[in-house]
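S.K.:
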Amino acid sequence: MRDPRYDVLFEPMKIGPVTAKNRFYQVPHCNGGGYRDPSAAAEMRRIKSEGGWGVIFTEQTEMHHTSEITPFIELRLWDDADIPMLAKMAKAMKQYGALAGIQLAYSGINGPNLYTKEVPRGPSALPIRTFTNDPVQARAMDKQDIRDLRRWHRNAFKRAKQAGFDLVCLYGAHGFGIIQHFLSTATNQRTDEYGGSLENRSRLMRELIEEGRDAIGDTCGLTLRLSLDEMIGDLGFANSEVRDMIEMHADLPDLWDLAHGAWEDCSGPSRFKGEAAQEDLVSGIKKLTSKPVVGVGRFTSPDVMVKMIKSGTLDFIGCARPSIADPFLPRKVEEGRIEDIRECIGCNICITGDMTMSISRCTQNPTFMEEWRKGWHPERMQAKGPSESVLIVGAGPAGLEAARALGLRGYQVAVAEAGTELGGRVARECRLPGLSAWGRVRDYRQYQLSQMPNVDIYFESRLSADDILGFGFDNVAIATGSAWRRDGVARAHVVPMPMAPDMPVYTPDDLMDGKVPTGNVVLFDDDHYYVGGVLAELMARQGVRVTLVTPSAYVSDWTRNTLEQGAIHRRLADLGVEIVLNRTVTRIVSGGVATACTYTGAERDIESDAVVLVTSRQQDDGIWRELQARREEWAGNGIHSIKVIGDAEAPGPIAWATYAGHRYARELDEADIGDALPFRREITALALD
Numbered sequence: 001m002r003d004p005r006y007d008v009l010f011e012p013m014k015i016g017p018v019t020a021k022n023r024f025y026q027v028p029h030c031n032g033g034g035y036r037d038p039s040a041a042a043e044m045r046r047i048k049s050e051g052g053w054g055v056i057f058t059e060q061t062e063m064h065h066t067s068e069i070t071p072f073i074e075l076r077l078w079d080d081a082d083i084p085m086l087a088k089m090a091k092a093m094k095q096y097g098a099l100a101g102i103q104l105a106y107s108g109i110n111g112p113n114l115y116t117k118e119v120p121r122g123p124s125a126l127p128i129r130t131f132t133n134d135p136v137q138a139r140a141m142d143k144q145d146i147r148d149l150r151r152w153h154r155n156a157f158k159r160a161k162q163a164g165f166d167l168v169c170l171y172g173a174h175g176f177g178i179i180q181h182f183l184s185t186a187t188n189q190r191t192d193e194y195g196g197s198l199e200n201r202s203r204l205m206r207e208l209i210e211e212g213r214d215a216i217g218d219t220c221g222l223t224l225r226l227s228l229d230e231m232i233g234d235l236g237f238a239n240s241e242v243r244d245m246i247e248m249h250a251d252l253p254d255l256w257d258l259a260h261g262a263w264e265d266c267s268g269p270s271r272f273k274g275e276a277a278q279e280d281l282v283s284g285i286k287k288l289t290s291k292p293v294v295g296v297g298r299f300t301s302p303d304v305m306v307k308m309i310k311s312g313t314l315d316f317i318g319c320a321r322p323s324i325a326d327p328f329l330p331r332k333v334e335e336g337r338i339e340d341i342r343e344c345i346g347c348n349i350c351i352t353g354d355m356t357m358s359i360s361r362c363t364q365n366p367t368f369m370e371e372w373r374k375g376w377h378p379e380r381m382q383a384k385g386p387s388e389s390v391l392i393v394g395a396g397p398a399g400l401e402a403a404r405a406l407g408l409r410g411y412q413v414a415v416a417e418a419g420t421e422l423g424g425r426v427a428r429e430c431r432l433p434g435l436s437a438w439g440r441v442r443d444y445r446q447y448q449l450s451q452m453p454n455v456d457i458y459f460e461s462r463l464s465a466d467d468i469l470g471f472g473f474d475n476v477a478i479a480t481g482s483a484w485r486r487d488g489v490a491r492a493h494v495v496p497m498p499m500a501p502d503m504p505v506y507t508p509d510d511l512m513d514g515k516v517p518t519g520n521v522v523l524f525d526d527d528h529y530y531v532g533g534v535l536a537e538l539m540a541r542q543g544v545r546v547t548l549v550t551p552s553a554y555v556s557d558w559t560r561n562t563l564e565q566g567a568i569h570r571r572l573a574d575l576g577v578e579i580v581l582n583r584t585v586t587r588i589v590s591g592g593v594a595t596a597c598t599y600t601g602a603e604r605d606i607e608s609d610a611v612v613l614v615t616s617r618q619q620d621d622g623i624w625r626e627l628q629a630r631r632e633e634w635a636g637n638g639i640h641s642i643k644v645i646g647d648a649e650a651p652g653p654i655a656w657a658t659y660a661g662h663r664y665a666r667e668l669d670e671a672d673i674g675d676a677l678p679f680r681r682e683i684t685a686l687a688l689d
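The numbering of the sequence shown is UniProt numbering, which starts it at 1 and goes up by one.
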């Protein structure tokens, strides 16, 4: 039963000639599948339709072969051959009454054309601006190029309509779209009627929208996605100009879709961006136009959503990451099940799929992008198999997700936790600076388990192999996690690092236990994800003089995939952390560390009072190995299976652990598939020459 205070979120809203059934608007977002995995992407969007979203969009869809962003994998609408794939997606989106939208992208100076080998085109002749700093330049478009571009857009609009989409969005945000390239003085240095004044710089946008409306007729809505502020200073499309442009063209599109700056500005992780972080930038824009406005801000709270509507800030609640974490968010609000919402934690692991050109993951929702590949539904599990009971040893993210999913299947589940709280590594890491939202991984599962009479949790229950063998459970999952290594073994050192015995050495586990060193401290980060940067921040805020040493060319190198690497570097620099790049700690000596250049081997000592090693983790699998050695005793004790999962099998990001727990629960008691693939995939059809 819906709480009346949320009624406003379920009001139908017109977008030009079409009507959305509610205000829940899944803005375009990537998924790592694109043209390679169209059925997986289509089923993922269909699930959102089932979950109650009023509007569902594709990711950016390349609308012409002269502008593509290889190596990244997005959808394509280059010619008629792409229509069937997109028609399948549009049909899936509309199955439960959502409006299906496609975002058309011409990437301009963001498209290096590494696949098509076409010369890139932009408003002005400038180097390509991509994540990978491709050594490619775009040529300035002449008048014929612009006429061609307009024709290509008309063709794409017609194809989008033929594919069955209700909404077509022109992409001019995040620095990725040709419209933004023309609007921005940083990328548009023209002196003709397409450059100079704001009116001239918005000419192409106006032409594309007016001609697009003629192309698709009066059955499709036309929306425009723009950056709220490029955040690059005077030579850029600033928030003030955005407002002037919207006021100048107030009723041009059927909806204004507004998102902050570059992608890392818009979709920064929760460590740096809170919920509704873009409110100030979008506030007041609705007064400049009679057309509806959608904005984003990692909205997870229905109360914040209502505030955005009732304050006159937004007409639609735009969500990408929250719609991934819980595709059924609208339905749960409508059914009065707010406590069942699986809230996004803002870790941005979903974005790493796009950045690494692989199928995306979600820490909170392990079924994301597995809906078609494995048949996993985010809200439903298959029925229990022939066995009855499961013992889960360890209540970290893998153990908790396994317990939740097994409980839904109907098994009698017992969770044995050696400590006094749930969450394992999540419970510890969420106390670190900026990571409080990560506690939602534990909180969501803790609540769900509390509602299941068939799941029992036992604290301070450190079990031996004899205990496990003697309890009589049908199945056992070992989810005992891992611990940070103290010997420096990782990438730079595949064997233990030489260490002076008198030098204090700390691990991340020590710091999370409250054992923070003092004085001058060297932190050696050979992990390259978020932990090194977070711990450097923790120590700096406590007055420690920190020198962060890493073999990489970047602080927290892998976080370039989560859009936070720049923010981490700036944060540490502001806190006075000395950052030493491209150097490896070769050994720990009395009074400091010896380092060597990653490339030349040139040595340099750094004085310190202590060392923090953020290198790799050792799986805590001792109990698993002992049980393996006693396999002949399993059957006699009524045990059908014992399996190690999560970090206890192989340490990885938290999303890997929740996925492992969920997969264990899905596959328990299922038929052995032998050497068959455990997922479906699509194979490119061979051309018949």
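Here a beta-carbon is modelled for each residue, glycine too, at the ideal position from N, C-alpha and C.
Being a predicted model, the structure only gives us computed values, none of them experimental.
Could you give the first and the last residue of the continuous beta strand (DSSP E) run that contains Tyr25?
M.R.: 24-26
S.K.: Excluding sequence positions up to five away, which residues of its chain have a Cβ less than 8 Å from the Cβ of Asn454?
M.R.: Gly407, Gly410, Tyr411, Gln412, Val413
S.K.: Per DSSP, what kind of secondary structure is Ile56 in: helix, strand or coil?
M.R.: strand
S.K.: Taking the C-alpha atoms as reference points, what is the distance between Arg337 and Glu607?
M.R.: 56 Å
S.K.: So does the stretch 154-161 actually touch the stretch 68-76, counting three or more Cβ pairs closer than 8 Å?
M.R.: no
S.K.: With a 10 Å radius around its C-beta and 16 neighbouring C-beta atoms as the bar for buried, classify Asn348 as buried or exposed.
M.R.: Result: buried.
S.K.: What does a CB cutoff of less than 8 Å around Leu469 pick up in its chain, not counting 5 residues either side in sequence?
M.R.: These residues qualify, in order along the chain: Leu627, Arg630, Glu633, Trp634, Asn637, Ile639.
S.K.: Return the first residue and the last residue of the alpha helix (DSSP H) that Asn155 is part of.
M.R.: 143-162
S.K.: Can you list, in chain order, the stretches of the alpha helix (DSSP H) that have 4 or more residues and sit fully within the stretch 561-598?
M.R.: 565-574
S.K.: Name the two residues that bound the continuous beta strand (DSSP E) containing Asp254.
M.R.: Asp254 -> no beta strand (DSSP E), and no H or E assigned at all.
S.K.: Do Leu523 and Val593 have their CB atoms nearer than 8 Å?
M.R.: For Leu523 and Val593, no; Cβs fall outside 8 Å.
S.K.: Would the beta-carbon of Gly424 fall within 8 Å of that of Pro397?
M.R.: yes
S.K.: On the three-state DSSP scale, how would you describe Lys14?
M.R.: In the three-state reduction of the DSSP assignment, Lys14 falls in the strand class.
S.K.: My output table needs one value for residue 720: the three-state DSSP class, helix, strand or coil.
M.R.: With the chain represented from 1 up to 689, any question about residue 720 goes unanswered, as that position is not in the structure.
S.K.: If you draw a straight line from the C-alpha of Ala502 to the C-alpha of Val589, how long is it?
M.R.: Contrary to the premise, residue 502 reads as Asp rather than Ala in this sequence. Cα to Cα, Asp502 sits roughly 8 Å from Val589.
S.K.: Only counting the same chain, and skipping five residues up and downstream in sequence, which positions put a Cβ closer than 7 Å to that of residue 692?
M.R.: No answer is possible for residue 692: it lies beyond the span of the chain, which begins at 1 and ends at 689.
S.K.: From Asp180 to Tyr25, what distance separates their C-alpha atoms?
M.R.: Position check: residue 180 holds Gln in this sequence, whereas Asp was assumed. If you draw a straight line from the Cα of Gln180 to the Cα of Tyr25, it comes to about 22 Å.
S.K.: Please identify the residue among Ala405, Thr420, Ala500, Arg428 whose C-alpha is closest to the C-alpha of Arg445.
M.R.: Nearest of Ala405, Thr420, Ala500, Arg428 to Arg445, Cα basis: Ala405.
S.K.: I believe Gly646 touches Ala657 by the beta-carbon criterion, under 8 Å. Please report the beta-carbon distance rounded to the nearest angstrom.
M.R.: Confirmed, Cβ separation roughly 4 Å.
S.K.: Per DSSP, what are the beta-bridge partners of Glu230 in this structure?
M.R.: Partner(s): none; Glu230 has no beta bridge.
S.K.: Between the C-alpha atoms of Gln162 and Gln95, what's the straight-line distance to the nearest angstrom?
M.R.: 17 Å
S.K.: Curious, which full-length beta strand (DSSP E) runs of at least 3 residues does the stretch 423-476 contain?
M.R.: 455-458
S.K.: I'd like to know whether the C-beta atoms of Ser227 and Asn188 end up nearer to each other than 8 Å.
M.R.: A distance of 8 Å or more separates the beta carbons of Ser227 and Asn188.
S.K.: Taking its Cβ as the centre, do 16 or more other Cβ atoms sit within 10 Å of Tyr115, making it buried, or is it exposed?
M.R.: exposed
S.K.: If you drop the 5 nearest sequence neighbours on each side, which residues of the same chain put their C-beta closer than 8 Å to that of Arg541?
M.R.: Pro433, Leu575
S.K.: Start and end of the alpha helix (DSSP H) containing Gly661?
M.R.: That run of the alpha helix (DSSP H) goes 654-667.
S.K.: Cβ atoms of Leu391 and Phe459: under 8 Å apart, would you say?
M.R.: no
S.K.: Please report the residue range of the alpha helix (DSSP H) in which Arg139 lies.
M.R.: That residue, Arg139, is in no alpha helix (DSSP H); its beta strand (DSSP E) goes 137-140.
S.K.: Starting from Phe72, follow the alpha helix (DSSP H) in both directions and report where the run begins and ends.
M.R.: From DSSP, Phe72 is part of no alpha helix (DSSP H); its letter is neither H nor E.
S.K.: Applying the 10 Å Cβ sphere with the 16-neighbour rule, what's the burial state of Arg680?
M.R.: exposed
S.K.: With a threshold of 16 other CB atoms inside 10 Å of the CB of Ser311, please say whether the residue is buried or exposed.
M.R.: exposed
S.K.: Based on the DSSP secondary-structure assignment, which residues constitute the bridge partners of Asn31?
M.R.: None, per the DSSP bridge assignment.
S.K.: Hey, is Thr547 close to the ligand SAM, as in C-beta under 7 Å from one of its heavy atoms?
M.R.: You won't find the ligand SAM in this model; it holds no ligand whatsoever.
S.K.: By Cβ distance, which residues of its chain are closer than 6 Å to Gly34, with the 5 residues on each side in sequence left out?
M.R.: Ile73, Glu74, Leu75
S.K.: Extract the residue ranges of the alpha helix (DSSP H) inside the stretch 474-541, only unbroken runs of 4 or more that lie entirely within it.
M.R.: 508-512, 530-541
S.K.: Give me the DSSP bridge partner(s) of Pro127.
M.R.: Gln137
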